[in-house]
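Heads up, the thing below is written out as structure tokens.
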Amino acid sequence: MLALALALCVAGCGLTVPSDPQGTLDRVRGGELRAGASASGELVTIDGSKVGGSLARLVEDFADSVDAKVTWSEGSEEDLVDGLEAGELDLAIGGMTEATPWSDRVAVTRAYDAVPGARGPVVLLVPLGENAWQAALEGYLDRKLAR
Amino acid sequence: MKTMGRTDLPAAQQQALRSAIGWEWFTIGYTLVTIVLIAFVVGGSQAMKTAWIEDMLSLIPQISFLIALLFIRRPPTRAFPFGHHRVMGVGHLVAGVALLAVGGDLAYEAISGLLRAEHPSIGTVYVFGQTIWLGWFMVAVMSVIVIGPFFYGHAKAKLAPKLHNKVLYADADMAKADWTSTVASIVGVLGVGVGLWWLDGAAALFISVGIVWDGWRNSRAAIRDLIDQRARTEDDARPHPLIARIADRVEEFAWVRETAVRMRDMGQVFHVEVFVVPVDVDVRLEQIEDARDAVTQLDWKVQDVVVIPTASLPDEAEPAKRQPSASGA
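In order, the protein sequences belong to chains A and B. Note that the working numbering has the first sequence beginning at 1, numbered continuously upward. Note that the working numbering has the second sequence beginning at 148, numbered continuously upward.
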């Protein structure tokens with residue numbers, strides 16, 4: 001119950017969340033969000049070392065909401081999944097959908113169809129089992145992209 | 148349904164059978180609702196997935212009971228001289244093997260997930276403008292559906308001995324133990340909620356071991372009846388008391404020196420062979436017929452009886468208890 005109480009109410013929205021076995025949300029808050037990017041149309045653009053695109057901006061806004069700064073790294077989808085599994089990344093984007101074949105190895109968020117420039121619903125990848133972290137991200141996206 | 152093969156069902160059994168059919172249909176309806184409800188919330192929890200598949204498996208005994216009933220009512224024919232009673236045993240075996248196989252697979256999944264330290268992910272859902280952790284819905288659904296099996300489990304457990312139906316008995320027995328799986332899945336989900344990721348896998352393992360155990364017990368019981376073990380009570384706890392009663396009853400006849408009985412469970416009804424060593428070498432036809440009648444009067448389950456005069460009793464047949472009888476019958 002104590003762990004539950006600690007994990008309650010991330011952004012003052014009355015949202016109830018579980019906890020992170022690896023403590024991702026607590027570590028990111030007020031610190032660094034290590035995000036991975038794989039280029040995908042207008043959603044994720046990579047220009048030299050500069051990561052942009054509508055999905056990348058959403059991640060940066062989310063980082064703001066937990067007072068964190070995003071450190072981007074770039075790679076193929078498999079590189080990003082390896083990074084999430086190894087605990088080197090907290091989040092990965094690349095225009096993946098619910099049909100992503102990586103769902104055994106990483107957690108997949110709900111699909112969001114209101115992401116600007118997306119042709120269909122897109123998902124974000126987070127480490128397996130970091131449920132408070134995933135809930136915080138999904139909660140933020142729900143509010144940001146509210147229908 | 149008034150008959151079962153060549154057996155006329157007494158009023159109490161007809162009533163129990165109608166009631167059992169009603170409960171089986173109710174259980175199927177209830178279970179289908181729970182399967183749909185769990186489908187909405189199953190998420191990334193192995194414990195929930197295991198409990199969900201267990202619910203699907205729990206339909207097999209009910210379906211095989213209802214299908215078997217269509218067959219066993221048929222009277223015996225030349226082609227099927229013993230009737231179709233064994234269909235119930237085949238259904239029992241199918242249910243047992245399905246539980247064993249799927250339970251084993253689920254146990255393997257749970258163990259390998261634990262060994263790989265796979266942390267279960269349970270996301271959120273967006274309802275009425277709120278983002279709510281899916282785990283709360285899992286707990287809510289499981290808390291609601293835990294109630295049903297108590298009712299139908301106990302109802303069927305009362306009917307099974309009346310009908311001497313082992314499928315019904317096993318079904319009731321599993322329903323009565325179903326709450327342990329449901330509670331385990333709730334514990335697993337709440338464990339994930341507080342960050343104890345391994346509780347989910349442990350709960351899944353607990354549930355799947357339960358499924359394997361049910362599968363083992365049912366397969367074993369079904370196979371033993373199909374290979375004609377001595378008839379036992381519907382809970383397989385002890386040899387059926389009718390064996391001794393039949394042997395004692397036939398030995399009451401004055402022309403009988405000693406008797407022994409071989410009785411197998413056809414599924415609901417028994418097939419009885421009574422070996423008789425007569426006092427005198429001259430045995431009359433009506434004496435045999437009288438003995439047969441006396442046995443069939445004992446119980447509705449023993450209508451398929453043969454009485455065989457013989458010089459000595461076979462060792463494997465169950466002898467009468469050799470109480471000197473007062474009445475000559």
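The beta-carbon is built from N, C-alpha and C at its ideal position, and this holds for glycine as well. Computed from a predicted structure; not experimentally measured.
For residue i, list the residues DSSP reports as bridge partners.
i, result
"B:Gln277", "B:Val274"
"B:Ala407", "B:Phe422 and B:Pro466"
"B:Met195", "Partner(s): none; B:Met195 has no beta bridge."
"A:Ala107", "A:Val126"
"B:Ile455", "B:Phe422"
"B:Arg379", "B:Pro386"
"A:Ser40", "A:Val44"
"B:Asp155", "B:Thr150"
"B:Tyr299", "The partner list for B:Tyr299 (beta bridge, DSSP) is empty, contrary to what the question assumes."
Between residue i and residue j, which are expected to be in contact by the criterion C-beta below 8 Å, what is the C-beta distance as a whole number of angstroms?
i, j, result
"B:Ile390", "B:Arg377", "7 Å"
"B:Leu296", "B:Lys323", "This sequence places Pro at residue 296 of chain B; Leu is not what is there. Between B:Lys323 and B:Pro296 the Cβ distance is about 7 Å, and since that is below 8 Å, they are a contact."
"B:Val234", "B:Ile219", "6 Å"
"A:Tyr112", "A:Pro121", "6 Å"
"B:Ile333", "B:Thr197", "Incorrect: roughly 13 Å between the Cβ atoms, too far for contact."
"B:Trp402", "B:Asp440", "Not a contact, Cβ separation roughly 14 Å."
"B:Val288", "B:Ile358", "Contact flag wrong, Cβ pair sits at about 20 Å."
"B:Thr181", "B:Asp202", "6 Å"
In three-state terms, what does DSSP make of residue i?
i, result
"B:Glu465", "strand"
"B:Phe417", "strand"
"A:Cys13", "At A:Cys13 the pLDDT is 37, less than 50, meaning the model places this residue with poor confidence; the figure from the coordinates comes in the next sentence. A:Cys13: coil per DSSP, three-state reduction."
"B:Gly230", "coil"
"B:Met203", "helix"
"B:Gly282", "helix"
"B:Ala473", "Low confidence applies to B:Ala473: its pLDDT is 46, below 50, so where it sits in the model is not reliable enough to give any reading."
"A:Asp142", "helix"
"B:Lys309", "helix"
"B:Met289", "helix"
"B:Thr443", "helix"
"B:Met235", "helix"
"B:Leu247", "helix"
"A:Asp113", "coil"
"B:Asp412", "strand"
"A:Glu98", "coil"
"A:Ala3", "Reliability of the predicted coordinates at A:Ala3 is poor, the pLDDT of 38 falling under 50, and the value obtained from them is presented with this limitation in mind. In this structure, A:Ala3 counts as helix in the three-state DSSP scheme."
"A:Val66", "coil"
"B:Gly260", "helix"
"B:Leu253", "helix"
"A:Asp20", "coil"
"B:Phe400", "coil"
"B:Gln209", "helix"
"B:Asp427", "coil"
"A:Leu8", "At A:Leu8, the pLDDT of 43 sits below 50, so the modelled position is not reliable; the number obtained from the coordinates is stated separately. In the structure shown, A:Leu8 sits in coil (DSSP, three-state: anything other than H, G, I, E or B)."
"B:Val449", "coil"
"B:Ile393", "helix"
"A:Arg57", "helix"
"B:Glu265", "coil"
List the endpoints of the continuous beta strand (DSSP E) containing residue i.
i, result
"A:Thr45", "Thr45 to Asp47"
"A:Ser73", "Lys69 to Glu74"
"A:Leu91", "Leu91 to Ile93"
"A:Arg34", "Glu32 to Ala37"
"A:Val51", "Lys50 to Gly52"
Between residue i and chain D, is the shortest Cβ-Cβ distance under 8 Å, so that the two count as touching?
i, result
"A:Pro101", "The question asks about chain D, but that chain is absent: this structure's protein chains are A and B."
Cβ of residue i within 7 Å of any heavy atom in the ligand ZN?
i, result
"B:Met289", "Of ligands this structure carries none, so the ligand ZN is not represented either."
Specify, as a first and last residue, the run of the alpha helix (DSSP H) that residue i falls within.
i, result
"B:Leu373", "Trp345 to Leu373"
"B:Gly335", "Lys313 to Gly340"
"B:Val188", "Ala158 to Val188"
"A:Thr24", "Thr24 to Val28"
"A:Glu77", "Glu77 to Glu85"
Output needed in chain order: residues of the segment 269-280 of chain B with a Cβ under 9 Å from some Cβ in chain A. Ile269, Gly270, Thr271, Val272, Tyr273, Gly276, Gln277, Thr278, Ile279 and Trp280
To be precise: take each residue of the segment 234-258 of chain B, compare its Cβ to all Cβ atoms of chain A, and keep it if any distance is under 7 Å. Which residues remain? none
In chain order, what residues of the segment 363-393 of chain B put their CB closer than 7 Å to some CB of chain A? none
Residues within the segment 118-141 of chain A neighbouring chain B, beta-carbon criterion of under 7 Å: Those residues of the segment 118-141 of chain A that come within reach of chain B (Cβ to Cβ, closer than 7 Å) are Leu128, Gly129, Asn131, Gln134, Ala135, Glu138 and Gly139.
Contacting positions in the segment 192-226 of chain B - beta carbon closer than 8 Å to chain A: Flagged: no residues at all.
Please list the residues of the segment 286-297 of chain B that have a C-beta atom closer than 8 Å to any C-beta atom in chain A, keeping them in chain order. none
Using a beta-carbon distance cut-off of less than 7 Å, what residues from the segment 20-31 of chain A approach chain B? Residues passing the 7 Å Cβ filter: Asp20 and Pro21.
Chain A contacts from the segment 336-347 of chain B (Cβ-Cβ distance under 7 Å): Val339, Gly340, Val341, Gly342 and Trp344
Any residues in the segment 80-114 of chain A with a beta carbon nearer than 7 Å to a beta carbon of chain B? Which ones, in chain order? Ala107, Thr109 and Arg110
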